[in-house]
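These protein sequences, in sequence, are chains A and B. Here the first sequence stands for residues 0 to 466, numbered as in numbering that gives the first Met the number 0. Here the second sequence stands for residues 0 to 289, numbered as in numbering that gives the first Met the number 0.
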Amino acid sequence: MKRSLVAMAAASALIVAACGGDNSSSSSATTAAAGATTAAAATTTGGSATTASGASTTAGGAASGGSNLQAAGKCGAGTGQKATGDPIKLGGIATNVPGIDFTWITGMTKAYFDCVNDNGGINGRPIQYIAETEQVDPQQIAALATKLIEQDKVLGLVGNTSIIDCSVNKDLYAKQGMFLIIAGVDQACFTNPNYSAVNMGPYYSSLGGAQAAVRAGAKGKIVIVGPNQPGFELINSGVIDFAKQNGMEGISLSEDTPINDPAGLAQKLVQDAGEGGGVVLDFTGPAVLPLLQAIEQQGLVDKVVWASSTPPNDPSVAKELSSAWNGKFLINAEFNVLDSGKPDQNHMNEIRGKYRSDIPSSSFAQMGYLAGRVATDALMGIKGDITKDSVNAAFKAVKNFTSDLWCKPWYFDSTVGQNVSNNNDITVVPKDGNMVQEEDCFAIAELAANPLKDIRAKEASLGLNAG
Amino acid sequence: MPDFETLKPFLVLGLALGGVFAMSGVGLVVLYRATGVLNLAYGAIGAMGALISWSMIDVGINEWVAYLACIAFGGGATFIYGVVFGPPFAPRDPLVKAVATLGFLLILVGLMQYVYGRDPHSITLPTSKWNYDLGGVRVSWTQIIGVAFPILVTAGTAVYLRTTKVGTAMRALANDREITAMLGVPVRRVEAAAWFGSGLVCGMAGLLLSNLVGLDIIGLTFLVIPALAAALIAQLRSLWVTLVAGFVIGLVQSCLTAFSDLAEYRTMTPFVLAIVALLWFARQREPVRT
Chain A
0 MKRSLVAMAA ASALIVAACG GDNSSSSSAT TAAAGATTAA AATTTGGSAT
50 TASGASTTAG GAASGGSNLQ AAGKCGAGTG QKATGDPIKL GGIATNVPGI
100 DFTWITGMTK AYFDCVNDNG GINGRPIQYI AETEQVDPQQ IAALATKLIE
150 QDKVLGLVGN TSIIDCSVNK DLYAKQGMFL IIAGVDQACF TNPNYSAVNM
200 GPYYSSLGGA QAAVRAGAKG KIVIVGPNQP GFELINSGVI DFAKQNGMEG
250 ISLSEDTPIN DPAGLAQKLV QDAGEGGGVV LDFTGPAVLP LLQAIEQQGL
300 VDKVVWASST PPNDPSVAKE LSSAWNGKFL INAEFNVLDS GKPDQNHMNE
350 IRGKYRSDIP SSSFAQMGYL AGRVATDALM GIKGDITKDS VNAAFKAVKN
400 FTSDLWCKPW YFDSTVGQNV SNNNDITVVP KDGNMVQEED CFAIAELAAN
450 PLKDIRAKEA SLGLNAG
Chain B
0 MPDFETLKPF LVLGLALGGV FAMSGVGLVV LYRATGVLNL AYGAIGAMGA
50 LISWSMIDVG INEWVAYLAC IAFGGGATFI YGVVFGPPFA PRDPLVKAVA
100 TLGFLLILVG LMQYVYGRDP HSITLPTSKW NYDLGGVRVS WTQIIGVAFP
150 ILVTAGTAVY LRTTKVGTAM RALANDREIT AMLGVPVRRV EAAAWFGSGL
200 VCGMAGLLLS NLVGLDIIGL TFLVIPALAA ALIAQLRSLW VTLVAGFVIG
250 LVQSCLTAFS DLAEYRTMTP FVLAIVALLW FARQREPVRT
């Protein structure tokens, strides 16, 4: 009897573990950019981006320029006075499951709004930001979105970062006339006119990683591996298509996170890519670190060209890597390096330190900062009543918003029904415990399966993404 | 179908990983036999020890001292839990005792997430930098330790249980706690020794796994599962069967990585092997019908 009870307890534990241990995660992207200068032409072949080893970012439009209403280094009006009027309600939803925590993004967006509230708010009115957390459950996230819009009566949604939000709630948001400033993960976030992401998401960021790998000499095969999450095939497909376009073989893999056998995975990746091939990793920093260490311990660093989507562009990852990785892990960075010393980056560091020092300085923090900053600028530009309609119209109307975190100015609407306004990146690499810029801004590859060609044509005709 | 050359590195990795699963399984079985407690917090204790070790190295304390601290934490935390919660839970059934350790697990995980936050952490043992080329496969001393140490721990534990007074008392406790107590055996002291010994093994496993698998709070916490599977395959009785089962789980799981069609299912290995074993044992116990 006793033994049966123990077996039951053990079996229960096994089931609990099976349910909870395998989630997924993501990656996402980010990036950086350095100034808007060099949009070198890596386009479809990946062959021609400017490589500027160690080159420092040339500060692009920077926070002080363009049509930005907020001054560089200031939140909102920057008055230093607490806002006390009727709150303006905004909301956000982020995924948080073992192995992936996007609440860093909504957390940093809230930190930005807290800073705005301490600096006069929006014409004296504070922003009340309601951040919800979801566990990759379609019913839960549908309910949360409904709650925010209908019960909490938020006027707009900012900083949403979820594996499934864009897919599940797109009809709701369209029906409600909501235009969301988000950090996109799911590819649906980039194929729907109601969303515009400050990042470019794992599909495009992984693609940027593959371009960097090819420029660094990867040949034969490119392997892309990401978390075993809904939609990973679509996310990986960009790299596969890019490989084919360049006469290479593309292999798509997924892996449960946290990775519980990193050494085995490292061996498999090298075997699949073959000597001199390329491997693109699409994991968050905490998830990818054990894998990188296993690669090093098994002497596999030089067997293939290692690249990644944005998330490992994180000083805490660089700090844990040994010098064996110096210059050998090509990370597509959707935003500038975190110690660029540029005005917006310094401002982000300052806000993070003051309001949410528990959030790691990371690309995710950059996404949250940018979402908050863009939304604040849009709110400040509203003439007349601040209503759901006017807020969403203001979000949709954002054009050429500049920040030294991006390669090019950002806009909401490309008018082609698919928004990928962040479509130029840099490449960073770890070096002696820091992340340093390896390549200047380059254009993410245009493929038959992605809309970048159409988007760039529209950008040119509408004067978007210019600068 | 991968050839032997392809499988070679996975065999090495599987042996090392399986060895640590086996060692953890042995620690679980010894504790269960002596106290009737299935310690589900085993992985979390190892993870916490490894993180303490990381903190000490991070502030410049000698790394060997930090490694010893990991092992000491495993022994200390387990000992304290056993001394404080062991006696009140002693008369309860094993399910309640196991669930109580689940509570301990949750407290530790919460504490780790609060203290260590979300930044990535890592430990690289010096032994991981000492490598040899064995038939074209790189083998590190950490992997060699991962294979050899569990065998030594199992053999040492078996000898200890057979030849020492405390060991004999532990075996007696495994058979009947009340009769053992009536015979004058200091039950609480013997149980405390079992908690402490099991905790030391837990600390060692945590240190090795943080190097072989990575220092991830959730990842390490749930690595109790393969150890639990190994212990279940041994029906929570035999140390040697636990040892072999741990190695088999590690080997099968690792080698499946080389099979493209099966690789994504390899983390199911402990579940599948444990369930197959439990079904087989159940079948063995079925009465013969005429």
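Don't be surprised by glycine CBs; every beta carbon is placed ideally from N, CA and C.
8 Å or more divides the Cβ of A:VAL115 from the Cβ of A:ILE104. Neighbourhood of B:LEU12 in chain A, by CB distance below 8 Å: ASP260, ALA262, GLY263 and GLN266, in chain order. Three or more Cβ pairs closer than 8 Å define a contact, and the segment 398 to 405 of chain A falls short of that threshold against the segment 222 to 231 of chain A.
Annotated three-state conformation of A:GLU254 is strand, per DSSP. When CB distances to chain B are screened at a threshold of 9 Å, the residues of the segment 202 to 234 of chain A falling below it are ASN227, in chain order. Contact check for A:GLY277 and A:ALA217: beta-carbon distance about 3 Å, within the 8 Å limit, so the pair qualifies.
Under the three-state reduction of DSSP output, A:CYS74 falls in the coil class, being neither helix nor strand.
At a Cβ-Cβ threshold of 8 Å, A:LEU369 and B:GLY213 do not count as neighbours. Following the DSSP letters along the chain, one finds B:THR153 in no beta strand (DSSP E) but inside the alpha helix (DSSP H) bounded by residues 140 to 162. A:GLN417 is positioned such that its CB atom lies no closer than 8 Å to that of A:ILE443. Residue environment: B:THR256 is assigned as buried (16 or more neighbouring CB atoms within 10 Å of its CB, all protein chains considered). Separation of A:MET434 and A:ALA459 (C-alpha to C-alpha, rounded to the nearest whole angstrom) is 33 Å.
In terms of beta-carbon proximity, A:VAL316 lines the interface with chain B, with at least one pair separated by less than 8 Å.
Out of A:TYR410, A:ILE425, A:VAL427 and A:GLU445, the CA that lies nearest to the CA of A:GLY462 is found in A:TYR410. Taken in chain order, the whole beta strand (DSSP E) runs of length 3 or more contained in the segment 263 to 326 of chain A are 277 to 280 and 304 to 307. Of all residues in the segment 282 to 293 of chain A, only GLY284, PRO285, LEU288, PRO289 and GLN292 place a beta-carbon less than 7 Å from a beta-carbon of chain B. Between A:GLN297 and the set B:ARG137, B:LEU207 and B:GLN283, the nearest pair of CA atoms involves B:ARG137.
Under the 10 Å beta carbon count, A:TYR172 is surrounded by 16 or more other beta carbons and is classified as buried. Scanning the segment 128 to 195 of chain A from its first residue to its last, the whole alpha helix (DSSP H) runs of 4-plus residues come out as 137 to 145 and 164 to 175.
The Cβ-Cβ distance between A:PRO97 and A:PRO257 falls below 8 Å. Look at A:VAL435 here: in three-state DSSP terms it is strand.
For the segment 263 to 286 of chain B, the residues whose beta carbon sits under 9 Å from a beta carbon of chain A are, in order, GLU263, ARG265, THR266, MET267, PRO269, PHE270, ALA273, ILE274 and LEU277. Between B:THR153 and chain A, the shortest Cβ-Cβ separation is not below 8 Å. Within chain A, the C-beta atoms nearer than 7 Å to that of B:ASP215 come from PRO257, PRO285 and PRO289, in chain order. The beta carbon of A:SER253 sits closer than 8 Å to some beta carbon of chain B. Note that the C-beta distance between A:ASP185 and A:ILE163 is below 8 Å. The CB of A:GLU319 comes closer than 8 Å to the CB of PRO119, HIS120 and SER121 in chain B, given here in chain order.
Remark: C-beta atoms of B:VAL200 and B:VAL25 approach each other more closely than 8 Å. If you ignore the 5 residues before and after A:GLU254, its C-beta comes within less than 7 Å of the C-beta of VAL224, PRO226, ASN227 and LEU264, all in its own chain and listed in chain order. Closest in C-alpha terms to A:GLN150, from the list A:GLN138, A:ALA212 and A:GLY90, comes A:GLY90.
According to DSSP, A:LYS220 shares a beta bridge with A:GLU248.
For the segment 359 to 392 of chain A, the set of residues with a beta-carbon nearer than 8 Å to any beta-carbon of chain B comprises PRO359, in chain order. Per DSSP, A:PHE328 lies in no alpha helix (DSSP H) segment; the continuous beta strand (DSSP E) that holds it begins and ends at 328 to 332. The beta carbon of B:PRO8 lies closer than 7 Å to those of VAL136 in the same chain, with the five residues before and after it left out.
In the DSSP assignment, A:THR426 falls outside any alpha helix (DSSP H) and lies within the beta strand (DSSP E) extending over 423 to 430. Exclusion of the five residues before and after B:THR220 leaves GLY42, ALA43, ALA46, LEU104 and VAL108 as the residues of its chain whose Cβ lies within less than 7 Å of its Cβ.
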